[in-house]
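**Q**
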Amino acid sequence: MARLVLPYFSFIVFLLLMCIATQPGTGTTHSDEVKALLDIAEQLGKKDWNTNVDPCINESSWLTPKLDSRPLYDNSLFCNCSYPDGVCHVVALILKGQDLGGVLPRSLVNLSYLTYLDLNRNFLSGNIPHEWASTKLEFLSLSVNNLSGPIPSFLGNITTLRNLTIESNLFSGTVPHELGNLVNLESLVLNANNLTGELPVALTNLTKLKLLRISSNNFTGRMPDFFRSWKLLQKLEIQASGFEGPIPSSISILSNLTELRISDLVGEGSKFSNLSSMKGMNRLMLKSCNITGSIPSYISDMKEIQILDLSFNRLEGSVPDLSGLEKLQFMYLTSNLLNGPIPEWIKDSGNRLQLDLSYNSFSESYDPACGDSFKNLFKSSSGRDNLILGECLKNVPCSKDRYSMHINCGGNAITIGNITYEADKDLGGSARYFHENENWGFSGTGHFWDLDTTLYDYIANNVSILTMNESELYTSARLSPLSFTYYARCLAKGTYKVKLHFAEIVIRDNRSFYSLGRRIFDIYVQEKLVWKDFDIDSSAIGVDKAVVKEHKANVTDNVLMIRFYWAGKGTTAAPKRGTYGPLISAISVESDFIPPHDGKKKISIVVLIGAAVVVLLLIFMILGILWWKGCLGGRSSRENGLKELDLQTGFFTYRQIKAATNNFNAANKIGEGGFGSVFKGILLDGTVIAVKQLSPKSKQGSREFVNEIGMISGLQHPNLVRLYGCCIEGKHLLLIYEYMENNSVAHTLFGPADGRLKLDWPARQKICVGIARGLAFLHEESTLKVVHRDIKTTNVLLDRDLNPKISDFGLAKLNEEENTHISTRIAGTIGYMAPEYALRGYLTDKADVFSFGVVALEIVAGKNNMKYQPNENFVCLLDKAIVLQQKGNLMELVDPELGSEFSKKEVIRMIKVALLCTNPSPAPRPTMTAVVSMLEGGTVVDELNIDPSIYGNNEWRFEGLRNQLGKSPQPSSRESQSLAQSSNATWMCSSTSV
Ligand SMILES: *[C@@H]1O[C@H](CO)[C@@H](O)[C@H](O)[C@H]1NC(C)=O
Ligand SMILES: *[C@@H]1O[C@H](CO)[C@@H](O)[C@H](O)[C@H]1NC(C)=O
């Protein structure tokens, strides 16, 4: 047998290896390696390995199964059994997201064939043992751990290394020059450690480098000028590294760059570097680098660019015409000296481009839609009148002087003592200027890099019970990935006490990688840096603890501004990628002087007359309110219900959704479901959504309706379509879901042949297992047990990566008043309904199991159960499956489109599982957890449960049906004939006539 080499560690290779490894007849694991694994487990603190079986032969029982509910978790071991020595060798070990609390295992060296080691997101401490110097590792990831001490120089001995990642640890000291020996290195990630000094010149030997990230360290000196040696670089990230500017001009050599992120350089400024050779640039950030001069026009040649961040520099002049950059989605020119008029192309760019122009010196004050747009023009003009925070407020004069402001950031209105903290529920966004009323508002800039942006990135909610005083203030907080300003307006001149309330509610403090994040940011009051490198956790001495920072500020022009800024420090990937940036819970601003009491001396007849008028007005108002309640009571109680409910999701205004769907434009309509039309939309922050319009005739009380939505929104699982939130205004009932790129399984399997995706077997297997997992979650794992009632291929949607997600769960319940087993209204679809449900309305989760069985058959066969062309032999697909099962010829069912490219074992297994699930009686059908286990090969499909004779015998069909019908009267023999026939069609094909 030829020695199998691992050129690249793509997963395909691993899957291949896994197949090789699990083939019967190959050897067992080398005994030294079994011993080494036991030692490794002990050193890592790993306790759940089943050491009674051979690790390579029986990988699945050696490891606990991968759990979907822990997205960062992985527990895999891969072997290669094709070496000439006939034994199996461990080649890869992936133990991620497990909170292993031990040390890096020295026994690793005894796995002499190991090339791939991924221990990211654990709680490992200590340093790398010197024994590792003689390993043959090619891939090593130790990210997000508790490792400390210097980076050992003997790492330079592992010259096989191609990828080395030690991000988010506590490594300190300088980078050893021995790393320069790693000449095969393609990827080096040192982000978020405490590294100091300069980079050794020896790193210029790393000529194969394609990716380098060295952000958030304490390096010193000028940024190294090594770019001539790193010509192959594709991605370069140097954010808040400690290096001084300017950026060496040799950077212009890096013509392969697709991602360049440099930020927060100290030291002297410079002109814009020449990046004109970087035609493939995708994401460009030169933030806070002290760049002067104008924005070069060659940026308009970067046709691939999606994100452009040139914020916090000293750029001047005008913005070049970038209207030809069709992929550009986010552009941040925040805080520069850009001047002249705002270019027409920007005004015309519409919703495609999210653009932040705040804090500039444009000669024109322009705000297209006053806060409800994709553009932030807060303080973007140089108008001499400082009171103009943007066009929107120009015409909103202050009605009176104010002396205080209280905001519960990201949360509901809360009254504590005699202070009311105002609600601050706007979802924010990447370029958002929001004003609540005449007296306060905010400007938010930036999106979380390396994260698929969602609407919920900008508000954090607590994950544990908070026990501090005034804990209501801390249950939610506003998050910002770059810069966020709250402003108060209409304040009387004088000194104010600013109190900022913080509590770390995202990062945890247990012995887990959830505790390894370091959130660091800066705070400005009235544009003066007041707290630098502020860290809530260390300031409050622990998480979930409140810390209040106080500062006195002068207000001279009626405006007070508090700005939070992320300067690139701390971790960005711990516990999860995208965990960083300022977090603010509440703000309180109060005058440091006693507000004047106006009017005491002025009591006069005029005032008395005024009082009489007020009383009259009040009477009218009360009458008006009574009338309004009478007419619109339903609406107002529904909205009140909504406000009280703490949804795990967001609220949307009708206006927001109208804008997102282009006023429910017919072109945006993507479907018509049982519950109403579905539209595609794009929210202000770029999140693509699907909007479901529910028909407003629901009999349900609004309170219950709101409760139901609250509960549905709590159901979150990778195989359920995520409910982002709802909008209830007047008669409009809208549900807002994540958008699924690849439509439904039905569309993919049965849609028009041209242009539809072809699903290969692995994709179909993945889809089936995913649906089963989603259902298992709904039936057995979630706190709220839900029977879907309408599982079918049109209700299973596919995301970009063809992951299946079940939609419409929980909706059937919304349409019904009682929650008993006997459903008063059948909410299913012909062709998928279980017989007991279709005929008697008897509803348990086994009804979903039946429907799942039908869906699984359809996926194997590539045919619709009902649209299946019936002939004298079979009425529908399920019928055909049963007949073929009896004939022992199940393979005839397989979709011809698959050709011979499929695993026969898996196909047979899936058909058998499907037949088990479609058992005419609910009791013998397996639970969904059992289905998952069978489909994954964990449990052997119990063939005894399939007794083919039960399907073949018409007599039985009738008997079975009669039994199910229970006390229904005995039909006459004639009736029984037709009933027997219809029952055949009824429970097999569920062509209901009820
Ligand atoms: C690393 O390699 C050098 C030179 O080959 C050798 O002298 C040294 O002992 C090695 N280090 C370790 C820890 O094995
Ligand atoms: C190793 O790094 C290269 C270069 O960045 C990258 O293309 C490759 O995917 C990485 N390998 C793995 C297994 O992540």
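Residue numbers (mature numbering (1 follows the signal peptide of the UniProt record, and there is no 0)): -27 to -1, 1 to 967.
Don't be surprised by glycine CBs; every beta carbon is placed ideally from N, CA and C.
1) Measure the alpha-carbon distance for residue 995 versus ASN178 and round it to whole angstroms.
2) Rank THR231, THR265, VAL664 and ASN191 by C-alpha distance to the C-alpha of PRO206 and give the top, closest one.
3) First and last residue of the alpha helix (DSSP H) that includes PRO808?
4) DSSP state of ASP282, grouped into three classes?
5) Which runs of the beta strand (DSSP E) spanning at least 3 residues fall entirely within the stretch 56 to 121, listed in chain order?
6) Thinking C-alpha only, which one of GLY290, GLY414, LEU283 and SER511 is nearest SER267?
7) Cutting at 7 Å between CB atoms, please list the residues of its own chain near PHE421, excluding the five before and the five after it.
8) Report yes or no: do three or more beta-carbon pairs, one from the stretch 136 to 150 and one from the stretch 532 to 550, lie closer than 8 Å?
9) Can you round the beta-carbon distance between GLY687 and LEU757 to whole angstroms, since I take them to be within the 8 Å contact cut?
10) Inspect the beta-carbon positions of ILE784 and MET901 and report whether they are closer than 7 Å.
11) DSSP three-state call for GLU612: helix, strand or coil?
12) Please classify LEU656: is it buried, with 16 or more other beta-carbons within 10 angstroms of its beta-carbon, or exposed?
13) What is the residue span of the alpha helix (DSSP H) that GLN629 lies within?
14) Checking the sheet assignment: what are the DSSP bridge partners for SER145?
15) Do the stretch 376 to 392 and the stretch 480 to 493 meet, that is, are 3 or more Cβ pairs less than 8 Å apart?
16) Below 8 Å, can you find three or more Cβ-Cβ pairs linking the stretch 870 to 878 to the stretch 728 to 735?
17) Could you tell me whether any non-hydrogen atom of ligand 2 is closer than 6 Å to the CB of LEU184?
18) Could you tell me whether any non-hydrogen atom of ligand 1 is closer than 6 Å to the CB of residue 983?
19) By Cβ distance, which residues of its chain are closer than 7 Å to SER250, with the 5 residues on each side in sequence left out?
20) Under 6 Å from any heavy atom of ligand 1, does the C-beta of ASN130 make it?
21) For ligand 1, is there a heavy atom less than 6 Å away from the beta-carbon of ALA106?
22) So does the stretch 823 to 839 actually touch the stretch 881 to 896, counting three or more Cβ pairs closer than 8 Å?
23) Let me know if GLY215 comes out buried or exposed under the rule of 16 or more other beta-carbons within 10 Å of its beta-carbon.
24) Using a threshold of 6 Å, is the CB atom of ASN136 nearer than that to any non-hydrogen atom of ligand 2?
25) Helix, strand or coil for TYR487 per DSSP?
26) Take VAL905 and list the residues in its own chain whose beta-carbon comes closer than 6 Å to its own, dropping the five residues that flank it on each side.
27) For a test of your reading of the model: does the CB of PHE51 fall under 6 Å from any non-hydrogen atom of ligand 2? Yes or no.
28) I think ASN48 touches GLN71, with their Cβ atoms under 8 Å apart; what is that distance to the nearest whole Å?
29) For MET258, write down the residues that DSSP places opposite it in a beta bridge.
30) Please state if the CB of ASP321 and the CB of TYR305 are separated by a distance shorter than 7 Å.
31) Is HIS150 near ligand 1, in the sense that its beta carbon is under 6 Å from a heavy atom of that ligand?
32) Going by alpha carbons, who is nearest to ASP329 out of GLY724, GLN858 and ARG405?
33) Report the residue from ALA811, GLN689 and LYS853 whose alpha carbon sits nearest the alpha carbon of GLU778.
34) So, at 6 Å on beta carbons, what are the nonlocal neighbours of ASN118 in its own chain, with the 5 sequence-adjacent residues on each side left out?
35) Which same chain residues end up closer than 8 Å to GLN16 when comparing Cβ atoms and leaving out the 5 residues on each side of it in sequence?
36) What three-state label does DSSP hand GLY698 in the structure shown?
**A** Let me lay it out:
1) Examination of residue 995 is not possible in this model, given that the chain is present from -27 through 967 alone.
2) Reading the sequence shown from its first residue, position 233 is the one you call residue 206. Correcting the residue type first, residue 206 is Leu in the shown sequence and not Pro. Checked all of THR231, THR265, VAL664 and ASN191; the closest Cα to LEU206 is THR231.
3) Numbered from its first residue, the sequence shown carries residue 808 at position 835. Per DSSP, the continuous alpha helix (DSSP H) segment holding PRO808 begins and ends at 808 to 813.
4) For the purposes of this step, residue 282 is taken as the residue at position 309 of the sequence shown. Strand.
5) 62 to 69, 89 to 91 and 112 to 114
6) As a working note, residue 267 is residue 294 in the sequence shown. Cα-wise, what sits closest to SER267 is GLY290.
7) Here residue 421 is taken as the residue at index 448 of the sequence shown, counted from 1. Same-chain partners within the cutoff: ASP430, PRO454 and GLY551.
8) yes
9) Reading the sequence shown from its first residue, position 714 is the one you call residue 687. Reading the sequence shown from its first residue, position 784 is the one you call residue 757. The C-beta distance from GLY687 to LEU757 rounds to 7 Å, short enough to meet the 8 Å contact threshold.
10) In the sequence shown, counting from the first residue as 1, residue 784 sits at position 811. In the sequence shown, counting from the first residue as 1, residue 901 sits at position 928. Before going on, a small fix: residue 784 reads as Leu here, not Ile. Not in contact: LEU784 and MET901 (Cβ atoms no closer than 7 Å).
11) Your numbering for residue 612 matches position 639 in the sequence shown. With a pLDDT of only 41 at GLU612, under the threshold of 50, the placement of this residue in the model should not be trusted; the figure read from the coordinates follows. Helix, per DSSP.
12) In the sequence shown, counting from the first residue as 1, residue 656 sits at position 683. Answer is buried; the Cβ neighbour count reaches 16.
13) The residue labelled residue 629 in the question sits at position 656 within the sequence shown. 627 to 633 is the span of the alpha helix (DSSP H), which, as asked, contains GLN629.
14) Position 172 of the sequence shown holds residue 145. PRO123 and ASN167.
15) Judged by Cβ distances under 8 Å, the stretch 376 to 392 makes no contact with the stretch 480 to 493, as fewer than three pairs qualify.
16) When Cβ pairs closer than 8 Å are counted between the two stretches, the stretch 870 to 878 is seen to touch the stretch 728 to 735, the count reaching three or more.
17) Residue numbering aside, residue 184 sits at position 211 when the sequence shown is read from its first letter. Within the cutoff, so yes.
18) Within the shown structure, residues of the chain are numbered from -27 to 967, placing residue 983 beyond reach of any answer.
19) Within the sequence shown, numbered from 1, the residue matching residue 250 stands at position 277. So the qualifying residues of the chain are SER225 and SER228.
20) As a first step, residue 130 is located in the sequence shown; it is residue number 157 there, counting from the start. Yes.
21) Stepping through the sequence shown from its first residue, residue 106 is reached at position 133. Ligand 1 approaches ALA106 closely enough that one of its heavy atoms is under 6 Å from the residue's Cβ.
22) yes
23) Against the sequence shown, residue 215 aligns to sequence position 242. The residue is buried, with at least 16 neighbouring Cβ atoms inside 10 Å.
24) Position 163 of the sequence shown holds residue 136. Yes, Cβ of ASN136 sits closer than 6 Å to a heavy atom of ligand 2.
25) Mapped onto the sequence shown, residue 487 falls at position 514. Residue state, collapsed to three classes: helix.
26) Here the question's residue 905 lines up with position 932 in the sequence shown. Correct list, in chain order: ALA745, ARG746 and ALA749.
27) Sequence index remark: in the sequence shown, residue 51 carries index 78 (1-based). No, since every heavy atom of ligand 2 falls outside the 6 Å radius drawn around the Cβ of PHE51.
28) For the purposes of this step, residue 48 is identified with residue 75 of the sequence shown, where counting begins at 1. For the purposes of this step, residue 71 is identified with residue 98 of the sequence shown, where counting begins at 1. In this structure ASN48 is in contact with GLN71, their Cβ atoms being roughly 7 Å apart against a cut-off of 8 Å.
29) In the sequence shown, counting from the first residue as 1, residue 258 sits at position 285. Looking at the DSSP assignment, MET258 forms a beta bridge with ARG234 and ASP282.
30) Along the sequence shown, read from residue 1 onward, the residue named residue 305 stands at position 332. Along the sequence shown, read from residue 1 onward, the residue named residue 321 stands at position 348. By the CB criterion at 7 Å, TYR305 and ASP321 fall outside the cutoff.
31) Numbered from 1 along the sequence shown, position 177 holds the residue referred to as residue 150. Outside the cutoff, so no.
32) As a working note, residue 329 is residue 356 in the sequence shown. The shortest C-alpha to C-alpha distance from ASP329 to any of GLY724, GLN858 and ARG405 is the one to ARG405.
33) What you label residue 778 is simply residue 805 of the sequence shown in a count that begins at 1. Here the sequence assigns Lys to residue 778, which means Glu is not the residue at that position. That would be GLN689, whose Cα lies nearest to the Cα of LYS778.
34) Your numbering for residue 118 matches position 145 in the sequence shown. ASN95, LEU97 and ASN142.
35) Numbered from 1 along the sequence shown, position 43 holds the residue referred to as residue 16. Result list for GLN16: GLY75, VAL76, LEU77, PRO78, ARG79 and SER80, in chain order.
36) Residue 698 sits at position 725 when you count from the first residue of the sequence shown. Here GLY698 sits in strand by DSSP.
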